[in-house]
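Q: Dropping a structure here in structure tokens format, bear with me for questions.
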Amino acid sequence: MAERRAFKPVDKSTNGHVSEHVRLTHPYRVRPYPLSLPPESSPHVPFRPIHPSNNDVKKTYYWVDTFAYGGVPSTALSGGEDIDGHQIYVGRAFFKNDWIPAKVIPGRNVAYVAYAGKEHHVDRFQVLCEQRFDWVTASEGRIPEGAVEGGRTCDGEALYIGRVQHEGSHTLGKVHPSYKCCFIPFDGKELSFSEYEVLILRP
């Protein structure tokens, strides 16, 4: 039976923003997931939530646009810790025509994704908010019931939010079912792990 690990919420100050132009005109306001490119951001208006289109989960979690120097909301989900002690938050970013689960590190003012064998930094991304989640152990591309979809490839394959322990860090990445592993961005590389944890909605 899969092991469940309860998530512990972390308190932080809210200091990130998106632009007034985005708030008024960007298709994020009206289009459900899957979404188009993330908007440009600037420090002029508060965070604006983007709810998933599925009504069953709409009130359970949401994604928020932010950017490299925008911080994260107080409800952002912390899912790990880097080797230097910086908190890692659950995010996603649009990169090379894919929506990819991302590790967001506000302490470095950046987010990272794993793609094509390398770690890539991204300046615009979204963070996952609310605290009703657990981590479940899995392996070989298996996806447990209730897993949170964190992205989607341009071919339509769903990607899930995973994490692994590696070299003293608890690092987030993408579970890619067709590759039967979890890929993480780490030290400039994309590393694969056949055993990992998957983020799920708490029952």
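Residue numbers (my numbering): 1 to 203.
We put the beta carbon where it would ideally sit given N, CA and C, even for glycine.
Within 10 angstroms of the Cβ of GLU149, are there 16 or more other Cβ atoms? Answer buried if so, exposed if not.
A: What you label residue 149 is simply residue 149 of the sequence shown in a count that begins at 1. Classification of GLU149: buried, given that the 10 Å Cβ count is 16 or more.
Q: Under 8 Å, do ASN109 and CYS154 count as touching if we go by C-beta distance?
A: Against the sequence shown, residue 109 aligns to sequence position 109. Against the sequence shown, residue 154 aligns to sequence position 154. Result no, Cβ atoms of ASN109 and CYS154 do not sit closer than 8 Å.
Q: Assuming ARG92 contacts TRP63 (C-beta within less than 8 Å), just tell me the rounded distance between them.
A: Residue 92 sits at position 92 when you count from the first residue of the sequence shown. Residue 63 sits at position 63 when you count from the first residue of the sequence shown. Right, the Cβ-Cβ distance comes to about 7 Å (below 8 Å), so this counts as a contact.
Q: Looking at C-alpha atoms only, which residue of GLY79, THR66, GLY188, GLY70 is the closest neighbour of GLN131?
A: By 1-based counting over the sequence shown, the position of residue 131 is 131. Of the candidates GLY79, THR66, GLY188, GLY70, the one whose C-alpha sits nearest the C-alpha of GLN131 is GLY79.
Q: From ALA138 to CYS182, what distance separates their C-alpha atoms?
A: Numbered from 1 along the sequence shown, position 138 holds the residue referred to as residue 138. Numbered from 1 along the sequence shown, position 182 holds the residue referred to as residue 182. The alpha-carbon atoms of ALA138 and CYS182 are separated by roughly 10 Å.
Q: Looking at SER192 and ASP82, is the spacing between their C-beta atoms short of 8 Å?
A: As a first step, residue 82 must be located in the sequence shown, where it is residue number 82. As a first step, residue 192 must be located in the sequence shown, where it is residue number 192. Cβ atoms of ASP82 and SER192: not closer than 8 Å.
Q: Enumerated in chain order, which unbroken segments of the beta strand (DSSP E) with a length of 3 residues or greater are wholly contained in the stretch 72 to 104?
A: Counting only unbroken stretches of 3 or more residues, the beta strand (DSSP E) elements lying wholly within the stretch 72 to 104 are 78 to 81, 87 to 95, in sequence order.
Q: Which partner residues does ASP65 have in the DSSP bridge list?
A: Within the sequence shown, the letter at position 65 stands for residue 65. GLN126.
Q: Quick check on the DSSP output: the beta strand (DSSP E) that includes GLY150 runs from which residue to which?
A: Against the sequence shown, residue 150 aligns to sequence position 150. Judged by DSSP secondary structure, GLY150 falls within the beta strand (DSSP E) whose first and last residues are 149 to 152.
Q: Using only alpha-carbon positions, find the residue among TYR115, GLY141, GLU197 that is nearest to GLU190.
A: By 1-based counting over the sequence shown, the position of residue 190 is 190. Ranking TYR115, GLY141, GLU197 by CA distance to the CA of GLU190 puts TYR115 first.
Q: Check SER178 in the structure and name its three-state DSSP category.
A: Mapped onto the sequence shown, residue 178 falls at position 178. Note: SER178 maps to helix in three-state DSSP.
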